[in-house]
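K.L.:
Numbers given in the numbering used here equal positions in the sequence shown, counted from 1, plus 4.
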Amino acid sequence: MLACVCEHTRAQGKAARVMTQPPISEAIQRSLRVFPGASNGEFNLPPELSIVIHRGKGCELRDSSGASYLDFSMGWGSVLVGHGNPHVTEAVIRQAALGANFAYVNENSLALGEELCRLSPACERVRFCASGTEATMYCQRLARAFTGRRKILKFEGAYHGANEVGVTSLFPQRLLAFPKADPSSAGIPPAVVDDILVAPYNDSVTAAEIIAAHADELAGVIVEPLQRCTPPKEGFLQSLRATCDAHDVPLIFDEVVTGFRLAYGGAQAYYGVTPDLVAYGKALGGGYPIGAFGGRAEIMDLVREEQLGKPQYVWVASTLGGNPISTAAARAALTVFQEPDCFQRLHDLGHYLRNGMRQILDEHQQSAQVIGDGPLAQVVFSTEPVYDYRSTKMGDSVKGRALMLALFRRKVFLNPMGTKLYLSIAHTQSICDMFLERFADSLQAVNAGKE
Ligand SMILES: Cc1ncc(COP(=O)(O)O)c(C=O)c1O
5 MLACVCEHTR AQGKAARVMT QPPISEAIQR SLRVFPGASN GEFNLPPELS IVIHRGKGCE
65 LRDSSGASYL DFSMGWGSVL VGHGNPHVTE AVIRQAALGA NFAYVNENSL ALGEELCRLS
125 PACERVRFCA SGTEATMYCQ RLARAFTGRR KILKFEGAYH GANEVGVTSL FPQRLLAFPK
185 ADPSSAGIPP AVVDDILVAP YNDSVTAAEI IAAHADELAG VIVEPLQRCT PPKEGFLQSL
245 RATCDAHDVP LIFDEVVTGF RLAYGGAQAY YGVTPDLVAY GKALGGGYPI GAFGGRAEIM
305 DLVREEQLGK PQYVWVASTL GGNPISTAAA RAALTVFQEP DCFQRLHDLG HYLRNGMRQI
365 LDEHQQSAQV IGDGPLAQVV FSTEPVYDYR STKMGDSVKG RALMLALFRR KVFLNPMGTK
425 LYLSIAHTQS ICDMFLERFA DSLQAVNAGK E
């Protein structure tokens with residue numbers, strides 16, 4: 005299968021270099037009519053680049069016109085197992101005939117819950133929901149209920165899903181003095197923004213100062229252990245853990261991206277730091293809708309119904325959370341992740357891709373760097389050290405977007421916001437080589453002002 009993908013995509017890579025712009029197809033016109041920006045998510049493509057996806061296999065996508073793409077988004081990282089993974093597909097088909105949803109504990113959700121409590125150092129108890137957005141939202145609510153405090157501290161530029169904390173100070177245009185928050189979306193009441201404190205990622209000293217100054221009103225600290233594509237500095241997460249302990253503030257890890265991607269035990273195992281609460285999503289579901297959150301039993305037990313009416317009771321409900329199809333898919337995905345060398349392969353491949361990109365950027369004498377860890381990569385057009393939102397923002401984002409769109413024109417499917425490239429277990433070195441060929445070609449075209 006992969007050999008056939010390679011031949012096909014290689015031929016398409018050549019064809020793509022001719023750069024003839026196809027007319028906007030009927031499917032895209034329909035999509036433009038019904039979806040704002042012909043998009044269902046965070047990013048819009050220019051109409052002439054917009055596509056309607058027909059199917060995926062491994063790391064190849066086909067659009068409705070039959071064109072083939074190398075997928076370097078992989079459902080925003082949710083399909084780490086690869087599109088149409090046979091283990092996941094078989095588990096889903098088997099379960100589909102036995103019922104799609106019971107909104108109650110079922111054999112699949114029970115076995116998955118047990119495995120999460122086994123693999124995740126933080127999880128003594130767990131609950132399922134249907135997305136990462138819900139999972140981080142419930143962690144915040146639990147932290148507020150447990151401490152009886154209101155404020156949540158997040159790090160500037162971090163994404164925790166589409167909830168209020170997730171989209172505040174996500175892409176701040178105004179670089180306010182810390183810890184003042186700035187909403188990145190309309191529709192967030194000012195009172196909610198006032199309850200969000202913001203610190204610079206990777207700055208233990210400033211974070212500790214803010215936590216100490218606001219300890220008696222601080223319900224929790226939420227962090228992406230590897231923020232977007234920026235790794236934590238040595239000791240940053242450990243210092244955060246120690247500061248939270250010193251002030252009795254729960255620490256929340258948003259492992260929606262890092263979970264099952266950096267290691268089987270996620271960022272907790274990879275960096276050796278255990279939070280009080282943790283949120284999962286994306287890769288856990290093997291491409292199917294899932295969210296999970298868990299943590300210390302004394303915090304998680306606030307959701308038990310006998311607490312109803314008591315001040316600390318926390319409402320948690322999800323019609324589709326823990327549904328037997330998503331949890332069957334997740335169980336199958338976990339068996340794939342437990343195969344020998346799975347994570348070594350993902351790390352080696354990420355290394356190979358990032359090094360290949362660096363080499364090409366050097367050959368073209370670009371002031372740029374490639375950041376990331378594990379199977380993640382991102383180009384930043386800056387030679388200054390990148391360690392937080394503000395240092396990333398120093399980069400030339402216009403050039404970054406032009407490069408992403410140039411890659412898209414050469415049939416690499418990705419998020420043109422220039423955030424992350426996601427690899428999966430279906431990617432290989434030869435797929436990365438094809439990507440790198442298109443990357444070099446795209447860079448040349450952008451530098452020549454042809455894009
Ligand atoms: C770190 C992080 N947390 C939470 C989310 C939200 O997950 P979902 O899109 O499943 O709601 C995302 C999504 O990209 C994410 O990257």
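All C-beta atoms in this analysis are idealised placements derived from N, C-alpha and C, irrespective of residue type, glycine included.
Just so we're clear, the structure is a prediction, and the values are computed from it rather than from any experiment.
Just to confirm the assignment, what range does the beta strand (DSSP E) spanning residue 133 have?
P.N.:
Element bounds for residue 133: 129–133.
K.L.:
Between the beta-carbon of residue 331 and the beta-carbon of residue 112, is there less than 8 Å?
P.N.:
Result yes, Cβ atoms of residue 331 and residue 112 sit closer than 8 Å.
K.L.:
Provide the residue span of the alpha helix (DSSP H) that contains residue 330, from first to last.
P.N.:
Where residue 330 is concerned, the enclosing alpha helix (DSSP H) stretches over 328–341.
K.L.:
Would you mind stating whether residue 87 and residue 117 have Cβ atoms separated by less than 8 Å?
P.N.:
No, the Cβ-Cβ distance between residue 87 and residue 117 is not below 8 Å.
K.L.:
Look at the alpha carbon of residue 277 and the alpha carbon of residue 28, and state the distance between them as a whole number of angstroms.
P.N.:
In a straight line, the C-alpha of residue 277 is about 50 Å away from that of residue 28.
K.L.:
Does DSSP put residue 94 in a helix, in a strand, or in coil?
P.N.:
Note: residue 94 maps to helix in three-state DSSP.
K.L.:
If you measure from the CB of residue 208, is any heavy atom of ligand 1 nearer than 7 Å?
P.N.:
No, ligand 1 has no heavy atom inside 7 Å of this Cβ.
K.L.:
Are the stretch 245–260 and the stretch 181–193 touching, with three or more C-beta to C-beta distances below 8 Å?
P.N.:
Flag = no, the stretch 245–260 and the stretch 181–193 do not touch.
K.L.:
Within the present structure, is the beta-carbon of residue 169 separated from the nearest heavy atom of ligand 1 by less than 7 Å?
P.N.:
Residue 169 Cβ: outside cutoff for every heavy atom of ligand 1.
K.L.:
Residue 396: beta carbon under 7 Å from a heavy atom of ligand 1?
P.N.:
False, no ligand heavy atom lies under 7 Å from that Cβ.
K.L.:
Terminal residues of the continuous alpha helix (DSSP H) containing residue 385?
P.N.:
Per DSSP, residue 385 belongs to no alpha helix (DSSP H) and is neither H nor E.
K.L.:
Could you please give the first and the last residue of the uninterrupted beta strand (DSSP E) stretch that includes residue 156?
P.N.:
Residue 156 -> beta strand (DSSP E) spans 155–159.
K.L.:
Whose C-beta lies closer than 6 Å to the C-beta of residue 141 among residues of the same chain, with five residues either side of it excluded?
P.N.:
Excluding residues within five positions, the ones whose Cβ falls inside 6 Å are 167.
K.L.:
Judging by CA-CA distance, which residue of 394, 407 and 453 is the nearest neighbour of residue 180?
P.N.:
Selected option, being the one with the closest Cα: 394.
K.L.:
Tell me whether residue 135 counts as near ligand 1, meaning its Cβ is closer than 7 Å to at least one heavy atom of that ligand.
P.N.:
Yes, the beta carbon of residue 135 sits closer than 7 Å to at least one heavy atom of ligand 1.
K.L.:
Label residue 323 either buried or exposed according to how many other C-beta atoms from any shown protein chain fall within 10 Å of its C-beta, with 16 as the threshold for buried.
P.N.:
Flag for residue 323 reads exposed.
K.L.:
Given the structure, does residue 228 come close to ligand 1, in the sense that its CB is under 7 Å from one of the ligand's heavy atoms?
P.N.:
Yes.
K.L.:
Report the rounded CA-to-CA distance for residue 314 versus residue 102, giving the unit in angstroms.
P.N.:
Cα to Cα, residue 314 sits roughly 38 Å from residue 102.
K.L.:
Is any heavy atom in ligand 1 found nearer than 7 Å to the beta carbon of residue 261?
P.N.:
Yes, the Cβ of residue 261 comes within 7 Å of a heavy atom of ligand 1.
K.L.:
How would you write the range of the alpha helix (DSSP H) that residue 178 sits in, first residue to last?
P.N.:
From DSSP, residue 178 is part of no alpha helix (DSSP H); its letter is neither H nor E.
K.L.:
For my contact list, residue 132 and residue 303 are in at a C-beta cut-off of 8 Å; report their separation, rounded to the angstrom.
P.N.:
Residue 132 to residue 303, Cβ: 17 Å. No contact.
K.L.:
Does any residue of chain D have a CB that is nearer than 8 Å to the CB of residue 439?
P.N.:
Of the protein chains in this structure there is only one, and it is not chain D.
K.L.:
At which residues does the alpha helix (DSSP H) containing residue 120 begin and terminate?
P.N.:
111–123 is the span of the alpha helix (DSSP H), which, as asked, contains residue 120.
K.L.:
Taking its Cβ as the centre, do 16 or more other Cβ atoms sit within 10 Å of residue 64, making it buried, or is it exposed?
P.N.:
It counts as buried.
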